[in-house]
Amino acid sequence: MRRRKSALLAGLLLLSLQPADVFAQKKTNRVIYTSTVGRQIYNDRCAVCHLPDGKGRGGEDAAGNGFPPLIGLSEWLATREGQLYVAHAIIFGPYGTVLVGDKFYYGLMPRFGIRFTDQQIVEVIRYVAEVINKPAPGYKPITEALVQQARRLPDNMDALEMQRNELPQR
Ligand code: HEC
């Protein structure tokens with residue numbers, strides 16, 4: 350009887366601990382991307398260069414030929430300016446050399462502004478922000494209104510580069 354009682358107590362203790370843990374986990378991963386739309390767009394149109402897990406590739410030879418990683422974008426994607434830049438990049442299709450960490454990547458990305466609707470751009474950015482990356486504190490999903498704002502930005506590489514230079518180095 351005594352034994353059973355302590356087993357019961359231990360069981361109760363475990364039960365009472367568990368909800369707290371589950372809650373803590375929920376708190377850190379508040380935004381969980383569940384749509385399959387962004388995943389599909391990413392796998393069909395982005396993964397060929399940036400790889401399915403967003404690790405990027407290349408950047409090893411003297412010219413830096415390659416595709417930059419899309420992991421390491423959490424900080425940018427938790428701010429309006431960063432989201433605006435990422436949307437602008439997807440719409441415009443950057444080219445040339447870009448520095449990520451201590452590596453240069455040289456290449457060309459297609460212009461997706463003409464191929465994607467605002468909603469598709471939202472979906473793919475959410476996939477990058479919430480699945481490829483782990484949302485940083487303060488993260489809020491990008492809106493279609495912000496994508497529309499990105500569409501109105503100057504359609505040239507200089508403007509895109511200046512916008513990127515305003516962001517913290519990634
Ligand atoms: C044909 C290869 C290719 C495809 C496909 C491609 N990209 Fe890129 N992407 C690049 C290259 C190359 C760069 C760097 C260009 C530069 O600025 O010099 C880049 C840059 C970016 C950047 C900016 C990164 C930074 O640090 O400034 C983002 C964001 C991005 N791509 C997202 C995407 C998304 C999302 C898709 C799919 C909708 C996509 N890319 C499809 C090649 C590609």
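If you count by this note's numbering, then the sequence shown holds residues 350 to 519, one letter each, in order. From the three backbone atoms N, C-alpha and C, an ideal C-beta is built for every residue, glycine too.
Label residue i either buried or exposed according to how many other C-beta atoms from any shown protein chain fall within 10 Å of its C-beta, with 16 as the threshold for buried.
i	result
ILE463	exposed
VAL496	buried
ASN514	exposed
GLU479	buried
GLY530	The chain is shown only over 350 to 519; residue 530 falls outside these bounds and no answer can be derived.
THR466	exposed
VAL397	exposed
LYS375	Confidence at LYS375 is low in this model, with a pLDDT of 48, below 50, so its placement is unreliable and the value that follows should be read with caution. With fewer than 16 Cβ atoms within 10 Å of its Cβ, LYS375 is classed as exposed.
Please return the same chain residues whose Cβ sits closer than 6 Å to the Cβ of residue i, not counting the five positions on each side in sequence.
i	result
VAL473	GLY387, ILE390 and TYR391
ARG447	At residue 447 the sequence reads Val, which differs from the Arg that was named. Contacts found: PRO417 and TYR454.
LEU457	TYR444
HIS399	GLY405, PHE416 and LEU419
VAL477	LEU419
LEU490	The question names Leu, yet the displayed sequence has Pro at residue 490. The answer, listed in chain order, is ARG475.
Please return the same chain residues whose Cβ sits closer than 7 Å to the Cβ of residue i, not counting the five positions on each side in sequence.
i	result
VAL371	Any reading at VAL371 is ruled out, since the residue's pLDDT is 43, under 50, leaving its predicted position unreliable.
LEU433	LEU495, GLN498 and ALA499
HIS437	ALA499, LEU502, LEU509 and GLN512
LYS483	SER423
GLU485	It should be noted that the sequence gives Ala, not Glu, for residue 485. The answer, listed in chain order, is SER423, GLU424 and ALA427.
ASP504	PHE441
ASP410	none
ALA412	TYR455
PRO401	ASN392
LEU516	TRP425, GLU430, GLY431 and TYR434
Within its chain, find whatever has a CB closer than 8 Å to the CB of residue i; leave out the 5 residues flanking it on each side and keep chain order.
i	result
ARG519	GLY421, LEU422, GLU424, TRP425, VAL449 and GLY450
GLN468	GLU493
MET506	PHE441, PRO443, TYR444 and GLY445
Less than 7 Å between the beta carbons of residue i and residue j, yes or no?
i	j	result
ASN414	GLY407	yes
ILE470	ILE439	yes
TYR382	ARG475	yes
At a cut-off of 6 Å, is residue i close to ligand 3 when judged by its beta-carbon and the heavy atoms of the ligand?
i	result
HIS399	Looking for ligand 3 in the displayed structure turns up nothing; the ligands present are ligand 1.
List in chain order: all unbroken alpha helix (DSSP H) runs of 4+ residues lying wholly within the stretch 415-475.
423-426 and 429-441
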